[in-house]
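Quick note: the first sequence uses the working numbering, first residue 85, plus one each step.
Here is the structure we will look at.
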Amino acid sequence: MIKKISIKTKIGWISVFEEKGKVFKIQFGKIKKQTNSLVLNAFKQKIKKFFKYQTTNINIPHKLLGNRIQKKIWNELKKINFGNTKSYGTIAKKYNISPRYVGKICGQNKLMLLVPCHRVIKSDGSLGGFTSVGGVNLKKKILEFEKKI
DNA sequence: CGCCTAACTCGGC
DNA sequence: GCCGAGTTAGGCG
Numbered sequence: 085m086i087k088k089i090s091i092k093t094k095i096g097w098i099s100v101f102e103e104k105g106k107v108f109k110i111q112f113g114k115i116k117k118q119t120n121s122l123v124l125n126a127f128k129q130k131i132k133k134f135f136k137y138q139t140t141n142i143n144i145p146h147k148l149l150g151n152r153i154q155k156k157i158w159n160e161l162k163k164i165n166f167g168n169t170k171s172y173g174t175i176a177k178k179y180n181i182s183p184r185y186v187g188k189i190c191g192q193n194k195l196m197l198l199v200p201c202h203r204v205i206k207s208d209g210s211l212g213g214f215t216s217v218g219g220v221n222l223k224k225k226i227l228e229f230e231k232k233i
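Following this line, the structure appears as structure tokens:
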């Protein structure tokens with residue numbers, strides 16, 4: 085049984101999906117049918133706090149859907165603190181893969197905010213891309229929000 | 001410094 | 001096989 089809700093935030097609508105008590109997908113956008121649950125409710129509270137700067141890390145029971153390397157990278161991303169950024173190259177070097185591959189993995193990330201793929205930017209300081217997760221514009225919004233702290 | 005290019009990895013067609 | 005995806009380092013003027 086999959087449950088899902090949408091939450092309105094200052095960067096727009098976010099939808100969260102949950103199954104068996106674990107969040108497995110967080111995406112940008114609003115969905116029509118919603119079914120609440122304890123976990124989703126908890127997530128909602130967290131996200132609201134997050135956007136009020138009352139908490140910096142959203143940790144909630146979740147499931148990482150991916151292969152070994154993807155999980156590795158995502159775990160690495162989770163270590164980036166609120167307001168910080170890292171370049172694709174930095175992460176790539178650490179795991180001995182190509183920066184392109186890092187970007188690709190970020191694109192496969194289904195847990196935006198929880199796995200902060202938006203905190204990974206190009207080495208020259210520009211944003212890079214974000215097309216598969218809602219557009220560069222969204223990335224910009226999130227980063228601007230985090231910078232204001 | 002700005003612009004161009006080759007190279008990295010992997011999945012999808 | 002080629003192409004693209006949230007790159008990058010290096011060369012050239």
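Backbone N, C-alpha and C define an ideal beta-carbon position, used for all residues, glycine too.
None of these values were measured; they are calculated from a predicted model.
Practice problem: Could you name the residues of the same chain whose beta carbon sits closer than 6 Å to that of E103, not counting the 5 residues immediately before and after it, in chain order? | Solution: The residue given as residue 103 occupies position 19 in the first sequence. Cβ within range, chain order: I86.
Quiz item: Just reading off the alpha helix (DSSP H) that T174 is part of, what are its end residues?
Solution: Along the first sequence, one-based indexing puts residue 174 at 90. T174 -> alpha helix (DSSP H) spans Y172 to Y179.
Quiz prompt | F101 (DSSP reduced to helix, strand or coil) | solution = Taking the first residue of the first sequence as position 1, residue 101 is located at position 17. In this structure, F101 counts as strand in the three-state DSSP scheme.
Quiz item: Which stretch, first to last residue, makes up the alpha helix (DSSP H) that contains K155?
Solution: Along the first sequence, read from residue 1 onward, the residue named residue 155 stands at position 71. Looking at the DSSP string, the run of the alpha helix (DSSP H) that includes K155 is R152 to K162.
Quiz item: In its own chain, which residues sit with a C-beta less than 8 Å from the C-beta of I226, not counting the 5 before and 5 after it?
Solution: Counting from one through the first sequence, the residue named residue 226 turns up at place 142. Closer than 8 Å at the Cβ level, and outside the excluded window around I226, lie I95, L197 and H202.
Quiz item: In three-state terms, what does DSSP make of F108?
Solution: Taking the first residue of the first sequence as 1, we reach residue 108 at position 24. The answer is strand: DSSP assigns F108 an E or B state.
Quiz item: From what residue to what residue does the alpha helix (DSSP H) around K188 run?
Solution: If you number the first sequence from 1, residue 188 lands on position 104. Here the alpha helix (DSSP H) through K188 covers P183 to Q192.
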